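Quick notes on the structure that follows.
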Amino acid sequence: MLEFELVDEHSNTTSYVLEEGEYLLGKGDQCDVILADSHASRVHCKLHISQDQALLEDNSSTNGTWYKGERLDSELALKADDVVEFGTLKLVVKAVPNDEFAMFTGTNRRLESNVVQESEELIELKRRIHSMILEYLDLRKRNNLQEMSPEQLREEAQRATHDIIDERVSKVPDALTKEELERQVVAEAVGLGALEPLLDDDSVTEVMVNGADQIYVEKNGRLSLAESRFTGTQSLLAIIDRIVAPLGRRIDESSPMVDARLPDGSRVNAIIPPLALNGPTITIRKFAKKNLYVNDLLKFGTLSEDMARFIKSCVELKQNVVISGGTGSGKTTTLNILSNFIGEDDRIVTIEDAAELKLNQPHVVSLESRPANAEGKGKVSIRDLVINALRMRPDRIVVGECRGGEALDMLQAMNTGHDGSLTTGHANSPSDFLARLEVMVLMAGVDLPSRAIREQIASAVDILIQQSRLSDGSRKITHIMEVEAIEGDTIKLKPIFEYVRKGNGPDGKIMGEFVATGYVPAFYRQSIEQGIELDTSIFGDTGASAGIHELQDVWN
164 MLEFELVDEH SNTTSYVLEE GEYLLGKGDQ CDVILADSHA SRVHCKLHIS
214 QDQALLEDNS STNGTWYKGE RLDSELALKA DDVVEFGTLK LVVKAVPNDE
264 FAMFTGTNRR LESNVVQESE ELIELKRRIH SMILEYLDLR KRNNLQEMSP
314 EQLREEAQRA THDIIDERVS KVPDALTKEE LERQVVAEAV GLGALEPLLD
364 DDSVTEVMVN GADQIYVEKN GRLSLAESRF TGTQSLLAII DRIVAPLGRR
414 IDESSPMVDA RLPDGSRVNA IIPPLALNGP TITIRKFAKK NLYVNDLLKF
464 GTLSEDMARF IKSCVELKQN VVISGGTGSG KTTTLNILSN FIGEDDRIVT
514 IEDAAELKLN QPHVVSLESR PANAEGKGKV SIRDLVINAL RMRPDRIVVG
564 ECRGGEALDM LQAMNTGHDG SLTTGHANSP SDFLARLEVM VLMAGVDLPS
614 RAIREQIASA VDILIQQSRL SDGSRKITHI MEVEAIEGDT IKLKPIFEYV
664 RKGNGPDGKI MGEFVATGYV PAFYRQSIEQ GIELDTSIFG DTGASAGIHE
714 LQDVWN
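The numbering used here applies: residue 164 is where the sequence shown begins, and numbers increase by one.
As structure tokens, then:
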């Protein structure tokens with residue numbers, strides 16, 4: 164068998180596992196593997212898979228099959244981690260026929276290879292101490308427990324745990340000190356358990372709990388298995404309840420999904436059985452402890468300095484900006500950073516499902532949606548908040564994410580004097596986002612023809628920023644485009660900046676550069692005509708420069 168992935172220019176991945184035999188690759192209907200790329204021929208190349216090898220042969224294609232920068236002119240014996248290119252598509256080999264172990268285990272099993280999870284002995288010890296703590300507190304503080312603040316309850320639990328470990332635990336596992344054991348037990352008894360050290364670790368950006376025995380973390384764009392575990396399903400359920408209860412939300416069999424946030428602003432999604440078959444599941448998108456600015460995006464390599472200058476001008480000159488991207492691409496972070504360029508004299512209304520945005524301006528009103536209560540009443544949707552925000556005399560409206568019918572109200576706000584509004588949406592490309600935005604407008608229940616919706620979109624949205632998380636874990640702004648006008652039945656997009664991939668480095672990192680297309684957007688030209696000094700050299704048009712708008716301290 165041969166296992167490989169096809170990766171397109173937007174880092175979308177399709178996986179294949181092929182048995183022994185011959186296969187055609189190309190964009191023709193007769194092909195076994197479709198190469199959805201304009202540079203691919205109808206039958207671009209052939210794969211010959213036998214019991215002990217896989218051979219790739221170019222089929223005299225027009226644009227060629229490329230390997231390590233050279234065009235193939237003979238059969239290539241594929242090896243694990245080989246990368247073959249067809250136009251903008253990449254074929255990444257994961258396992259070859261003579262590596263049967265890798266075929267059956269899958270390359271992702273390497274996530275677990277170097278991790279030693281907590282032993283069953285330690286888990287059982289923590290369970291015993293935990294039950295003793297509950298008995299200890301129940302006997303001594305039965306009447307006061309419900310009246311204690313979280314801080315007081317933790318102090319009592321620490322006192323009880325210290326006494327129990329000193330008096331009743333004769334031997335602590337070698338890999339652990341008594342102090343660390345005490346910290347872990349207290350965290351699970353009255354805090355967030357195994358989540359606490361992960362949330363305190365600044366290098367961790369996401370935490371994913373797949374049942375009591377499995378916790379994954381994301382560091383530098385890569386997933387890895389954590390050593391820590393929960394002592395049991397009931398303990399994990401109790402921790403979920405501690406997260407959602409202070410927010411007035413609930414999770415149980417009748418309402419087994421919930422969105423919430425931690426006190427530091429980190430976003431939490433939890434789902435429990437019967438919907439979650441692996442056991443209670445938590446996904447935490449950590450909130451940055453320090454305020455981020457455009458300078459941080461430059462350090463991360465998310466965009467170029469010219470792009471940073473441009474998006475700064477977009478916000479300052481009150482363009483309506485939409486940030487599009489896939490899950491985990493960094494849309495909300497970029498939205499937060501863009502908001503730094505909003506003037507301090509503006510009244511800003513932010514609207515979110517779970518509050519994540521952290522604006523630095525003095526005049527900010529933050530609104531958060533609310534789910535229905537146990538009786539199914541009291542729900543306040545994002546759309547309700549957007550409609551209400553229009554009555555609050557906002558200068559700018561910032562919606563954390565458009566997912567449904569609120570898109571119609573957001574477009575109407577952008578079209579009726581609320582210039583400079585910002586929002587995000589899920590999509591893998593700028594054109595995909597426009598199509599999805601049209602569908603979201605229809606979700607509002609209005610009966611509008613497609614052309615009328617597209618005219619609304621074209622007149623409301625000025626700039627579309629596409630952000631992607633690439634296969635190496637890095638996050639890049641891959642496109643900045645002007646929404647120009649509607650031509651026929653199609654919204655016309657004009658590229659301003661693009662990220663052009665150049666291949667992979669020896670360390671597996673994606674190589675590329677940010678380039679300007681040379682196009683100067685209409686609002687830039689109009690602003691210059693009105694006497695505003697702007698630098699058009701960022702578009703590769705140095706002759707048309709009308710002065711340089713210097714970067715301000717807010718970058719840092």
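A virtual CB, placed ideally from N, CA and C, is assigned to each residue, including glycine. Because the structure is a prediction, the values reported are computed rather than measured.
Q. Using the beta-carbon count (16 or more within 10 Å), is Lys110 buried or exposed?
A. This structure gives no information on residue 110, because the portion of the chain shown stretches from 164 to 719.
Q: Quick one: using the 10 Å Cβ neighbour count with 16 as the cut-off for buried, is Glu183 buried or exposed?
A: exposed
Q.
Using a Cβ distance threshold of 8 angstroms, determine whether the segment 516-530 contacts the segment 456-466, with at least three qualifying pairs required.
A. no
**Q.** Candidates Phe660, Phe167, Ser294, Asp215: closest to Leu252 by CA position
**A.** Nearest of Phe660, Phe167, Ser294, Asp215 to Leu252, Cα basis: Phe167.
Q. Per DSSP, what kind of secondary structure is Ser622 in: helix, strand or coil?
A. helix
Q.
Tell me the DSSP secondary structure of Val604 in three-state form.
A. helix
**Q.** Unbroken stretches of the beta strand (DSSP E), 3 residues or longer, contained in the segment 459-517
**A.** 484-488, 511-515
Q.
Using C-beta distances below 6 angstroms, list every residue in its chain close to Met606, excluding the 5 sequence neighbours before and after it, in chain order.
A. Gly567, Gly568
Q) Are Ala621 and Val646 touching if we call contact CB-CB under 8 angstroms? A) yes
Q: Check the C-beta distance from Val372 over to Ile445 and give it rounded, since I have them as a contact under 8 angstroms.
A: 4 angstroms
Q.
I need the boundaries of the alpha helix (DSSP H) containing Ala570, first residue and last residue.
A. 569-578
**Q.** Proximity below 8 angstroms, CB of Gly232 to CB of His202
**A.** Cβ distance not < 8 angstroms, so Gly232 and His202 don't count as in contact.
Q: Scan the segment 528-570 and note each continuous alpha helix (DSSP H) run of 4 residues or more that stays entirely inside, going in chain order.
A: 545-552
Q) To the nearest whole angstrom, what separates the beta carbons of Lys289 and Val348, a pair I think is in contact under 8 angstroms? A) 6 angstroms
Q.
Any beta carbon of chain C sitting closer than 8 angstroms to that of Ser312?
A. The chain inventory of the structure shown lacks chain C, comprising one protein chain alone.
Q) Once you ignore the five residues that flank Ser224 on each side, which residues in its own chain have a CB closer than 7 angstroms to its CB? A) Ser204, His207, Cys208
(Q) Contact between the segment 574-593 and the segment 529-545 is defined here as three or more beta-carbon pairs at a separation below 8 angstroms; is this criterion met? (A) no
Q) In three-state terms, what does DSSP make of Val353? A) helix
Q. Considering only residues of the same chain and omitting the five flanking positions on each side of Asn175, which have a CB-CB separation below 7 angstroms?
A. Asn591
Q) Pairing CB atoms from the segment 619-633 with CB atoms from the segment 471-487, are three or more of them under 8 angstroms? A) yes
Q: Could you pull out every residue in the same chain whose Cβ sits closer than 8 angstroms to the Cβ of Val561, ignoring the five residues on either side in sequence?
A: Excluding residues within five positions, the ones whose Cβ falls inside 8 angstroms are Leu498, Ser502, Ile511, Val512, Thr513, Ile514, Leu520, Leu522, Ser584, Leu585, Thr586.
Q | Nearest to Phe686 (by Cα), restricted to the options Leu697, Asp595, Thr680 | A | Leu697
(Q) Can you give me the C-alpha to C-alpha distance between Glu531 and Ser476, rounded to a whole angstrom? (A) 29 angstroms
**Q.** Cβ pair Gln720, Gly493 closer than 8 angstroms
**A.** Lying outside 164 to 719, the shown extent of the chain, residue 720 is not represented and no answer is given.
Q.
If I measure Cβ to Cβ from Gly356 and keep anything under 7 angstroms in the same chain, skipping five residues before and after, which residues do I get?
A. Ala350, Phe393, Ser398, Ile402
Q. How about Phe677 and Leu466: are their beta carbons less than 8 angstroms apart?
A. yes
Q) When DSSP builds the beta bridges, which residues end up paired with Leu358? A) Beta-bridge pairing links Leu358 to no other residue.
(Q) Considering Cα atoms alone, identify which of Leu210, Gly675, His589 is closest to Glu185. (A) Considering only Leu210, Gly675, His589, the residue with the shortest C-alpha distance to Glu185 is Leu210.
**Q.** Collapsed DSSP secondary structure at His211 in the structure displayed
**A.** strand
Q | Straight-line gap, Leu388 to Glu359 (C-alpha atoms, nearest Å) | A | 16 angstroms
Q.
For Gly189 and Leu198, I'd like the C-alpha separation in whole angstroms.
A. 5 angstroms
Q) What's the call for Arg331, buried or exposed, on a 16-neighbour Cβ count within 10 Å? A) exposed
Q: Write down the C-beta distance between Ile640 and Met470 rounded to the nearest angstrom, noting that I regard them as a contact closer than 8 angstroms.
A: 6 angstroms
Q.
Need the endpoints of the beta strand (DSSP E) that Leu316 sits in, please.
A. Taken as a continuous stretch (DSSP letters only), Leu316 belongs to no beta strand (DSSP E), being part of the alpha helix (DSSP H) at 313-331.
(Q) If I follow the unbroken beta strand (DSSP E) through Asp221, where does it start and stop? (A) Looking at the DSSP string, the run of the beta strand (DSSP E) that includes Asp221 is 217-221.
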